[in-house]
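Undergrad: Residue numbers (UniProt numbering): 1 to 316.
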Amino acid sequence: MQRRLLLRQPNSSAIFPDELMVEIVSWLPVKHVMQLRCVNKFFNTLIFDLHFVQMHLNKSSRNLHLALRYYEPETNSCKSYLVTLTIPGLLQNQLTIFYHSDPYYQLNDYSLSRHMGHQSCMQQWVVGSCNGLICLYGVSYPSKDRWLCLWNPAMRTKSKNIWYHNHHFNFSFGYDNLTRSYKVVAVDVEVNSGRKPKGVVKVYSLGDNSWRDIQRFPLLPLYCFCFSGNNNNGVHLNGTINWLAFRDYSNGILPLDQCVILSLDLSTETYTQLLPPPGFDNVSWYHPPKLVILFLVYSYATQKGAAAMEVAEVTL
Numbered sequence: 001m002q003r004r005l006l007l008r009q010p011n012s013s014a015i016f017p018d019e020l021m022v023e024i025v026s027w028l029p030v031k032h033v034m035q036l037r038c039v040n041k042f043f044n045t046l047i048f049d050l051h052f053v054q055m056h057l058n059k060s061s062r063n064l065h066l067a068l069r070y071y072e073p074e075t076n077s078c079k080s081y082l083v084t085l086t087i088p089g090l091l092q093n094q095l096t097i098f099y100h101s102d103p104y105y106q107l108n109d110y111s112l113s114r115h116m117g118h119q120s121c122m123q124q125w126v127v128g129s130c131n132g133l134i135c136l137y138g139v140s141y142p143s144k145d146r147w148l149c150l151w152n153p154a155m156r157t158k159s160k161n162i163w164y165h166n167h168h169f170n171f172s173f174g175y176d177n178l179t180r181s182y183k184v185v186a187v188d189v190e191v192n193s194g195r196k197p198k199g200v201v202k203v204y205s206l207g208d209n210s211w212r213d214i215q216r217f218p219l220l221p222l223y224c225f226c227f228s229g230n231n232n233n234g235v236h237l238n239g240t241i242n243w244l245a246f247r248d249y250s251n252g253i254l255p256l257d258q259c260v261i262l263s264l265d266l267s268t269e270t271y272t273q274l275l276p277p278p279g280f281d282n283v284s285w286y287h288p289p290k291l292v293i294l295f296l297v298y299s300y301a302t303q304k305g306a307a308a309m310e311v312a313e314v315t316l
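See the structure below:
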């Protein structure tokens, strides 16, 4: 009772200044920050303040998280969950959160199906993540229609579909630091008989809510030549999307000395070719280090009875 009385007295020395409250809240995990919305009007306004959002992002970006997708295929509601864990937390046996099925982490695939105007089976993949916003790519069956949407785990909301097509593209997701907008890059390869294949590139800007054709790839990325399918073929870094590419791929040979990093600047929408780091040719193409984490998570989850999991690196 005494504490309640103190909180009602504006001049009491027991009340934290607003600046201190903002600083404290900015260090909290995003889940706990969002729970403060129902406390009072001050917190509800603060959470949506652009200055506070940027402050929280700057502090959150210091801690890399893994986003783990957990499925419940035995249910008819197509439930899946997106849970974030730090790598130390993952190694310290903190996976019990999956088995509580916390609704906060649920991806409601059924509601997405209804939003698309029909009920169907779907598969979803994480294209990429940036500042806590996640781009999802999916295929609906039996129509095999392909679509994209943006998922905000903190708000537990999905955007409208920003892509709905039956043609296969490869996607990447990133942030334009100049315009402060999120962009999706879609890549397709045109193959004409007797000619070299060409990479067609489209860019979607969340601010403009539209797709545009931009300059074609000057070189073809590595994924165009081989191996297994992957919907996240470009790596986002500091306002750029980056692919491995080859300057010369004649006679079907892919020599390592012709390999470059093809970098797309999301602000200028222009390309730069960079040399790979020293020792690049000593790294295995088929067993990158992140697969060690993937196998670890899958093996651990199998022992606990999880049906399926997918791993992506995100910052939340």
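In this text, a Cβ means the ideal position worked out from N, Cα and C, and glycines have one as well. Please read these numbers as outputs of a predicted model, since none were measured by experiment.
Expressed to the nearest angstrom, what Euclidean distance is found between the alpha-carbon atoms of N152 and V22?
TA: Residue 152 sits at position 152 when you count from the first residue of the sequence shown. Residue 22 sits at position 22 when you count from the first residue of the sequence shown. So the two alpha carbons sit approximately 22 Å from each other.
Undergrad: For the UniProt domain "F-box" (16-56), which segments carrying the alpha helix (DSSP H) assignment without a break, of at least 4 residues, lie completely within its bounds, in sequence order?
TA: 18-26, 30-35 and 41-47, all fully within the UniProt domain "F-box" (16-56).
Undergrad: How many whole angstroms separate the CB atoms of A154 and V53, which I take to be in contact at a CB cut-off of 8 Å?
TA: Sequence index remark: in the sequence shown, residue 154 carries index 154 (1-based). Sequence index remark: in the sequence shown, residue 53 carries index 53 (1-based). Actually they do not touch by this definition, with Cβ atoms about 10 Å apart.
Undergrad: Let me confirm a value: W243 is counted as buried when at least 16 other C-beta atoms fall within 10 Å, else exposed. Which label applies?
TA: Against the sequence shown, residue 243 aligns to sequence position 243. Buried, by the Cβ-count rule.
Undergrad: In angstroms with no decimal places, state the Cα-to-Cα distance between L266 and I15.
TA: If you number the sequence shown from 1, residue 266 lands on position 266. If you number the sequence shown from 1, residue 15 lands on position 15. Each residue's Cα considered, the two are about 45 Å apart.
Undergrad: Are the CB atoms of V189 and L220 within a distance shorter than 8 Å?
TA: Counting from one through the sequence shown, the residue named residue 220 turns up at place 220. Counting from one through the sequence shown, the residue named residue 189 turns up at place 189. A contact, by the Cβ cut-off of 8 Å.
Undergrad: Which residue wins for smallest C-alpha separation from L222, given the options N58, L206 and F246?
TA: As a first step, residue 222 must be located in the sequence shown, where it is residue number 222. Per the Cα distances, F246.
Undergrad: Going by DSSP, what residue range makes up the beta strand (DSSP E) through E190?
TA: Looking up residue 190 in the sequence shown gives position 190. Segment S181 to E190, the beta strand (DSSP E) holding E190.
Undergrad: How far does the beta strand (DSSP E) with I241 in it extend, from its first residue to its last?
TA: For the purposes of this step, residue 241 is taken as the residue at position 241 of the sequence shown. I241 -> beta strand (DSSP E) spans T240 to F246.
Undergrad: For V127 and N44, I'd like the C-alpha separation in whole angstroms.
TA: Position 127 of the sequence shown, counted from the start, is the residue given in the question as residue 127. Position 44 of the sequence shown, counted from the start, is the residue given in the question as residue 44. Cα-Cα distance, rounded: 31 Å.
Undergrad: Work out the CA separation of F280 and C259 for me, nearest whole Å.
TA: The residue labelled residue 259 in the question sits at position 259 within the sequence shown. The residue labelled residue 280 in the question sits at position 280 within the sequence shown. Distance between the alpha carbons of C259 and F280 is about 10 Å.
Undergrad: Quick check for students: name the residue ranges of the beta strand (DSSP E) that lie wholly in the stretch 122-146, counting only runs of 3 or more.
TA: Segments of the beta strand (DSSP E) lying fully in the stretch 122-146: 133-141.
Undergrad: Out of N209, E19 and V201, which has the shortest C-alpha to C-alpha gap to K160?
TA: Stepping through the sequence shown from its first residue, residue 160 is reached at position 160. Among N209, E19 and V201, the Cα nearest to that of K160 is on N209.
Undergrad: With DSSP run on the structure shown, which of helix, strand or coil describes L274?
TA: Within the sequence shown, the letter at position 274 stands for residue 274. L274: strand per DSSP, three-state reduction.
Undergrad: For K59, does the three-state DSSP call read helix, strand or coil?
TA: Taking the sequence shown and counting its residues from 1, one reaches residue 59 at position 59. Reduced to three states, the DSSP call for K59 is helix.
Undergrad: Can you tell me whether I24 sits near the ligand ATP, meaning its C-beta is under 7 Å from at least one heavy atom of the ligand?
TA: Absence of the ligand ATP from the depicted structure is noted, as is the absence of any ligand whatsoever, leaving it without description.
Undergrad: Thinking S181 and G234 are a contact (beta carbons under 8 Å), I'd like their distance in whole angstroms, please.
TA: Working through the sequence shown from its first residue, we reach residue 181 at position 181. Working through the sequence shown from its first residue, we reach residue 234 at position 234. The pair is not a contact, with the Cβ atoms about 17 Å apart (cut-off 8 Å).
Undergrad: Give the DSSP-derived three-state secondary structure of L222 in the structure shown.
TA: Locating residue 222 in the sequence shown gives position 222, counting from the first residue. In the structure shown, L222 sits in a helix (DSSP, three-state: H, G or I).
Undergrad: Alpha carbon to alpha carbon, what distance is there between W163 and D145?
TA: Here the question's residue 145 lines up with position 145 in the sequence shown. Here the question's residue 163 lines up with position 163 in the sequence shown. Approximately 10 Å between the Cα atoms of the pair.
Undergrad: Assign V39 to buried or exposed, taking buried as 16 or more other Cβ atoms, counted over all protein chains shown, within 10 Å of its Cβ.
TA: Counted from its first residue, the sequence shown places residue 39 at position 39. V39 comes out exposed.
Undergrad: Kindly list the residues whose CB is nearer than 8 Å to the CB of I261, restricted to its own chain and excluding five residues on each side of it in sequence; keep chain order.
TA: Mapped onto the sequence shown, residue 261 falls at position 261. Excluding sequence neighbours, I261 sits near N242, W243, L244, A245, Q273, L274, L275 and P276.
Undergrad: Just the Cα atoms here: how many angstroms apart are L237 and G174?
TA: Taking the first residue of the sequence shown as position 1, residue 237 is located at position 237. Taking the first residue of the sequence shown as position 1, residue 174 is located at position 174. C-alpha separation (whole angstroms): 8 Å.
Undergrad: Please state if the CB of L150 and the CB of L133 are separated by a distance shorter than 8 Å.
TA: Counting from 1 along the sequence shown, the entry for residue 133 is found at position 133. Counting from 1 along the sequence shown, the entry for residue 150 is found at position 150. The answer is yes: Cβ separation under 8 Å.
Undergrad: Is D176 helix, strand or coil by DSSP?
TA: Taking the sequence shown and counting its residues from 1, the one referred to as residue 176 is at position 176. Looking at D176 - three-state DSSP - the assignment turns out to be strand.
Undergrad: Run through DSSP, which three-state label would D208 get?
TA: As a position in the sequence shown, residue 208 is number 208, starting the count at 1. The answer is coil: DSSP assigns D208 none of H, G, I, E or B.
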